[in-house]
Amino acid sequence: MPSPRPSASLLPAGSWQSGWEMRASVWSGCENREGETPLRTLANPGDIAPVESPPPWSFHLGPGALFGTPVARLLANGFLISFPQADPDAHVDMLLVAPNTMVGRASIRINPSLFCPEAEPVEEPGCISVEVTGCAVVLRIVAEEETTRFCLATSREGLDAARTAAEQGLALNLSERVEKELDLRKTFWSQHRRVGQEQGVQQTSFERLVFRLEPPTAKIPGWWVRDDEGRFPLRSLYALVRAWREADEKVAVRLVRTVLASLPASGALPAELHPDSGAQTGHTTWPLLVSCVWSLRKASGASKLVEEALPALRGYLQWALDYFDPQGQGAPAWKKAEESPTPETFDADLFSAGLAGMLLRETDLFFELLDQHPDLALDTAEISLARERIEDHLLSELWDEEAGIFRDRYRSGKTVTRITVSGVLPLLWPGLEAKARAALLRHLQEKGTLHRRTGWAAWQAWEDDPTPAPVRCDHQLLLLDRVREVSLPTAVQIGVRVAETLEHCLSEGRPFPAQLNQTSPDDDTASPPHAEIDGACLYLLCKSPLLLKHPQSVSKVATRLDENRNLLAVACLGALLLLMGVLALREWRGGAMDSEAAAAAFGLTEQLINSRQFDQALKGLQEMEGRVSQKSLDFYTGMIRFHQGDFAAAEHHFRAAADADGREAEAMMNLALSVFRQGKLDDALNLYEQIIQQFDQRNPQFAQMARAAMNVIRENEATFQQSLGFGQ
């Protein structure tokens, strides 16, 4: 079966892009390279001309008035045009298959033509050509019974070169290529079709990721990211895997396989890969390769990935530990500025807390994966010893108990005074104790440290700083991904603000910057090659409802939806509102508690709920009756019943807690979720409306969540009814 075509409403109108300089007249994301003639779309779909203004020549489809108004579906390397007023099956597909070579096919008879105001095009049977401004342009046309095939080629080397390119283009199987393009987007369209989130902008960002993927040569078995020189910067691997995991897991798996197949025997992680020469020398990327494999362990097509990857991961980990800590002291340090998350603060004499956190994350996840394959014999003694030394150094030498932050330390023993993102990156380490994790999260939430309007800063801004500290897309994505796992409330706000900043780039047709300034990302002149990739990945993750997904699904419905990714709209709402439940659980401890003992008891209750020990949690609540606020007991009891799947009982308890002084918003959100889980969509909508009316001013975060939930319910009512088992 052919892949489904996208809905026109999903795609941006008026602009398209590709890696070979094809662009719309409003698109300024790519600069003309010397010696080439970029192409652009004009006002009408199918009209193409060089970027010069006025254009020296232009290409026209010429479908005629009988077909009505065309509808353009824009892709990263071309567009698909349909004519729904005439025939639902009538279409014209055009793809740029090589630099300055565009191949097209039409299911209808059309009359492609060239127009040139400076020279008369030469018409021959099946061919139109013109030479103007030092460029040869050839249009080859093959008119068949009811279809038309054509190829437009340009060359600075003369007409013969352009004719050869046009002939080669016509020989390609365009139908197969179009189907591959559609298949690449199939999962993304199915997931985002029903999500009312700036669909055009989101699609544009997705197309930027699509453009970065090229079919491989025989030398690299997989996919790679291409820039102007066809390189794959491995620093962007984690961002790409995370974004493609949401959009299409198959692509993410193939990306990781590509890297694993290209690792040298030493295990050294190169700076980049190249389709012609494989691994390249240079600085290393961030040590997050194990994290990429770990994140895909449950993905479709990854069933054998972990077992195949473990030997290579062991070699990579051993190399990374030796490279960053050659003395074996447990004190890793970045060797080059390009390697570190914040090159602006690089110092070769600085032991990095952030690097230590990354390495601990990698080693712990490696051993977790290895535990799943007990029959695989790997020598890990040196890795275990190095890991213990790094943990000891991080906790004993770099932890500032009073400030609740990790601090980088110079070899001389002096610590860095300013708070930097390196000090919170140990948050990536899953084994970090709860007390330290909570302290680091406070630095991410509270203003005056790393919290900024557009995201988290690379370092704490002091009063005498001349410019705001930069907020980099790459470390922004890392932190957002981690705080999503621990359900930090601020992550939602940060994600929204970062997305708005990146949308500003998209709306002006500009590439994503490496840094997000406090006001706007206007200064992108110094963006490194991976910045565009990181920005597109970050934007998609910020806009994805799965960013809000709590790692522990609590109901049978949620579990089933996690397994069926095509029902993203339901998973979106469940994840969105479940986050509010977790948020409420954590926030309640600061509410109406009778004593410190009661607060400690509720803390224990929270731990029992998180570990799904519901009977013990209920017993503890029963022992607290009469000694603490009844509304607090109802709230926690509601959480337990919700986790047990008894949504009616959860509704009862949340209603009893809904008017609690100072915490009514959290209880109301959980009440609405419980009602929704019972299929009472109208009642849920009414509750969300109450939340908006009551808390729009006092607690806008919850009001914003309520609006999002209402939009999802209204747009997908039939899907929800069927999925929740209440349809007709």
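Number 369 in the working numbering belongs to position 342 of the sequence shown; there are no gaps in the numbering. C-beta atoms are modelled at their ideal positions from N, C-alpha and C, and glycine is treated no differently.
Tell me which residues share the same chain as Arg235 and place their Cβ nearer than 6 Å to its Cβ, disregarding the 5 neighbours each side in the sequence. Ala563
Closest Cα partner of Arg720 within the set Ala733, Leu708, Ala711: Per the sequence presented here, residue 720 reads as Gln, with Arg not at that position. Comparing Cα positions, the closest option is Ala733.
Beta-carbon of Leu422 versus every beta-carbon of chain C: anything under 8 Å? The chain labelled as chain C is not found in the depicted structure, where only one protein chain is given.
Of all the alpha helix (DSSP H) runs that stay within the bounds of the stretch 322–410, which reach a length of 4 or more residues? 332–351, 380–398
Meets three-Cβ-pair contact criterion under 8 Å: the stretch 358–377 and the stretch 466–486: yes
Near Arg464, what residues of its chain come up, given a Cβ to Cβ distance below 8 Å and the 5 sequence neighbours on each side ignored? Leu454, Val513
Determine the closest residue to Val169 out of Gly153, Val159, Cys162, with distance taken between C-alpha atoms. Gly153
Status (buried if at least 16 other CB within 10 Å, exposed otherwise) for Ala404: exposed
So what's Arg414 in DSSP terms, helix, strand or just coil? The three-state secondary structure of Arg414, taken from DSSP, is helix.
Using 10 angstroms around the beta-carbon of Lys363, count the other beta-carbons present and answer buried if the total reaches 16, otherwise exposed. exposed
Determine, using beta carbons only, whether Tyr265 and Ser327 come nearer to each other than 8 Å. no
To the nearest angstrom, report how far apart Glu524 and Ala730 are at their CA atoms. Checking the displayed sequence, the identity of residue 524 turns out to be Arg instead of Glu. Whole-angstrom Cα-Cα distance: 16 Å.
Per DSSP, what kind of secondary structure is Phe641 in: helix, strand or coil? helix
Would you identify the three-state DSSP class for Ala117, choosing helix, strand or coil? strand
Runs of alpha helix (DSSP H) wholly within the stretch 667–708 (minimum 4 residues, chain order): The qualifying runs are 674–684, 691–704.
In whole angstroms, what is the alpha-carbon distance linking Ser293 and Leu340? Rounded to whole angstroms, Ser293 and Leu340 show a C-alpha spacing of 11 Å.
Counting along the chain, where does the beta strand (DSSP E) carrying Glu158 start and finish? For Glu158, the uninterrupted beta strand (DSSP E) segment begins and ends at 154–159.
Give the secondary structure of Ala99 by DSSP, where H, G and I count as helix, E and B as strand, and everything else as coil. strand
Cβ-based neighbour list, Ser418, same chain, cut-off 7 Å, excluding 5 preceding and 5 following: Sequence check: residue 418 is Glu here, not Ser. Contacts found: Leu387.
List the endpoints of the continuous beta strand (DSSP E) containing Ile108. 105–110
What are the residues that DSSP puts in a beta bridge with Asp427? According to DSSP, Asp427 bridges with Ile432.
Using the Cα positions of Gly475 and Arg469, report the straight-line distance between them to the nearest angstrom. 11 Å
If contact is defined by three or more beta carbon pairs under 8 Å, each pair taking one atom from either stretch, is the stretch 153–165 in contact with the stretch 104–111? The stretch 104–111 is not in contact with the stretch 153–165.
CA-to-CA distance, Gln717 to Val98, given in whole angstroms: 41 Å
In the DSSP output, which residue or residues are listed as bridge partners for Val164? Val157, Thr181
Assign Met737 to one of two classes, buried (16 or more other C-beta atoms within 10 Å of its C-beta) or exposed (fewer than that). Answer is buried; the Cβ neighbour count reaches 16.
Suppose you measure from the CA of Gly458 to the CA of Asp391; what does that come to, to the nearest Å? Cα to Cα, Gly458 sits roughly 8 Å from Asp391.
Considering only DSSP beta bridges, list what Met651 is partnered with. For Met651, which the question treats as bridged, DSSP gives no partner whatsoever.
I need the straight-line Cα distance from Gln671 to His680, nearest angstrom please. 14 Å
Contacting residues, own chain, Cβ-Cβ under 7 Å from Ser140 (five flanking each side not counted): Taking C-beta separations shorter than 7 Å and ignoring five residues to either side along the sequence, the partners of Ser140 in its chain run His87, Gly89, Ile155, following chain order.
What are the start and end residues of the beta strand (DSSP E) that includes Glu299? 299–301
Just to confirm the assignment, what range does the beta strand (DSSP E) spanning Arg132 have? 128–133
By Cβ distance, which residues of its chain are closer than 6 Å to Arg324, with the 5 residues on each side in sequence left out? Val333
Hey, quick one: how far does the alpha helix (DSSP H) through His557 stretch, first residue to last? Run containing His557: none; DSSP gives neither H nor E here.
Who are the near neighbours of Met607 in its chain, counting only those whose CB is closer than 8 Å to its CB and skipping five residues on each side? Reliability of the predicted coordinates at Met607 is poor, the pLDDT of 42 falling under 50, and no value is obtained from them.
Pick from Ile446, Gln640, His557, Arg438 that is closest to Leu471, judged by C-alpha positions: Ile446
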